[in-house]
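Going letter by letter, the sequence shown gives residues 164 to 483 in our numbering.
For glycine and all other residues, C-beta sits at the position ideal for the given N, C-alpha and C.
Beneath this line is the structure, given in structure tokens, with notes to follow.
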Amino acid sequence: MEGNVRWVALTAVAPVAWGANYYVTREFLPAGQPLWGAALRALPAGCLLLGMARERPRGVWWVRSAVLGLLNTSAFFVLVYVASQTLPTSTASMVMALSPLVLMLGAWALLGERPRWAQLVAAVVGLGGVALMLGGPGSEVRPVGVLASVAALLVSAVGFLLSKRWDLGPSVLSVTAWQLTLGGLILLVVAAAAEGTPPSAGPAAIAAYAYTSVVATSLAFLAWFTGLRRLPAATVGLVGLLNPVTGVLLGVTLAGEALTAPQVTGMALVVAAVLGGRTTTRDARRAGERTDRSPVNSESPAPHSPGRPAGATGATERGW
């Protein structure tokens with residue numbers, strides 16, 4: 164159980180960082196250039212992790228890295244940027260409350276991970292808690308922002324599930340680094356063609372870009388993908404409910420939004436859902452064993468443990 168709690172706590176870093184990112188993007192980054200905003204978030208983060216990983220894809224992993232980069236980086240970051248700029252901090256994180264159900268059903272269909280009844284109940288309870296949190300004063304609905312949030316949810320769900328399905332061989336650090344780098348390069352080309360020159364940035368914007376790139380991207384994605392390797396997708400989805408909780412708390416403390424009694428009740432329900440939907444130690448071990456027993460792709464020279472540090476097996480020379 165202690166090991167399970169440790170992986171849940173590590174995974175929780177991601178939704179908390181993403182929830183804060185809504186506020187940072189809305190308050191400190193320029194509106195009207197979402198492609199540049201996404202590129203300046205993804206590419207520096209990818210280069211930072213790439214310098215640490217020192218591995219390169221090989222064979223099928225070039226294609227997989229590009230696909231994951233397009234879904235988890237290029238499309239997802241642009242959609243989140245649009246949602247952050249067009250909706251209040253708390254409202255922008257509303258749709259992500261559906262992620263537990265989407266990930267549970269997707270993992271059942273694509274990965275054969277049948278959710279337990281306790282997890283399904285926890286997802287519904289958590290969704291109800293988020294509905295209470297986001298129904299207070301200051302909530303507003305703009306169709307463009309809501310559509311961007313829905314699209315971001317669907318795109319990220321597909322990308323995250325593919326990441327879990329393909330967790331063979333390469334380390335989490337390398338997979339994350341390459342999908343951020345390739346996705347960032349795609350964004351760089353598209354942004355230059357569609358939006359022209361990069362936006363000007365003062366000290367506050369530079370600090371905001373640093374947060375979105377280092378904390379909300381490099382650190383958060385490493386934590387999230389590590390959780391996907393170590394825990395069932397249903398559990399990871401429930402931990403993601405901390406995203407709207409963070410958004411609401413920041414909206415109250417920093418953006419001056421009022422906190423009502425229903426919102427306090429909603430946050431309590433979300434916390435209960437995250438705690439109630441945790442896997443048992445046996446479930447977590449079973450998820451890890453499923454990864455360890457997965458057949459190694461024929462283009463990968465040797466199996467690589469998900470938790471093993473990058474470069475531990477001379478991966479600089481052999482690639483993936």
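- The three-state reading of DSSP puts Arg-392 in helix, counting H, G and I together.
- The closest CA to that of Ala-383, considering only Ser-363, Val-335, Leu-350, is found on Val-335.
- Taking the CA atoms as reference points, Leu-234 sits about 6 Å from Val-318.
- Arg-328: member of the alpha helix (DSSP H) spanning 306-328, first to last residue.
- In this structure Arg-219 is buried. Its beta-carbon is surrounded by 16 or more other beta-carbon atoms within 10 angstroms.
- If you draw a straight line from the Cα of Ser-381 to the Cα of Ala-373, it is about 10 Å long.
- Where Gln-248 is concerned, the enclosing alpha helix (DSSP H) starts and stops at 239-249.
- Here Pro-425 is actually not in contact with Leu-290; their C-beta atoms are around 14 Å apart, not less than 8 Å.
- At the C-beta level, Thr-389 and Val-171 stay beyond 8 Å of one another.
- Taking the CA atoms as reference points, Leu-394 sits about 14 Å from Ala-177.
- Here the region 219-232 makes no contact with the region 401-411; the two share fewer than three CB pairs at distances below 8 Å.
- Contact check for Pro-193 against Ala-368 passes: the beta carbons are separated by less than 8 Å.
- Counting along the chain, Ser-337 sits inside the alpha helix (DSSP H) bounded by residues 335-358.
- Around the CB of Ala-371, 16 or more other CB atoms lie within 10 Å, so the residue is classed as buried.
- The criterion of a C-beta distance shorter than 8 Å is not satisfied by Glu-358 and Leu-203.
- For Arg-204, the enclosing alpha helix (DSSP H) begins and ends at 197-216.
- Under the DSSP assignment, Leu-231 falls in the alpha helix (DSSP H) whose first and last residues are 223-231.
- Cβ-Cβ distances below 6 Å link Phe-239 to Ala-315, Val-318, Ser-319 in the same chain, with the five nearest sequence neighbours on each side left out; the list follows chain order.
- Comparing C-alpha distances from Gly-400 to each of Ala-354, Leu-242, Phe-323, Pro-251 shows the shortest one belongs to Phe-323.
- Boundaries of the alpha helix (DSSP H) around Pro-366: 366-373.
- For Trp-271, the CB contacts under 8 Å within the same chain, skipping 5 residues up- and downstream, are Arg-277, Pro-278 in chain order.
- Here the C-alpha atom of Gly-429 lies approximately 22 Å from the C-alpha atom of Ala-246.
- Annotated as distal: Thr-344 and Leu-432, with beta-carbon spacing of 8 Å or more.
- Secondary structure of Ala-194 (DSSP, three-state): coil.
- Spanning the alpha carbons of Pro-251 and Thr-375 requires a straight line of approximately 18 Å.
- Looking from the CA of Ala-205, the closest CA among Val-168, Thr-416, Val-243, Arg-305 belongs to Val-243.
- A Cβ-Cβ distance of about 4 Å is found for the pair Gly-308 and Thr-249, placing them in contact under the 8 Å criterion.
- Only residues of its own chain outside the window of five on either side were considered, and among them Leu-212, Phe-384, Leu-385, Phe-388 have a CB closer than 7 Å to the CB of Thr-339, listed in chain order.
- Spanning the alpha carbons of Ala-175 and Ala-356 requires a straight line of approximately 36 Å.
- When the beta-carbon positions are compared, Ala-396 and Leu-266 come within less than 8 Å of each other.
- In this structure, Leu-417 places its C-beta atom within 8 Å of the C-beta atom of Tyr-186.
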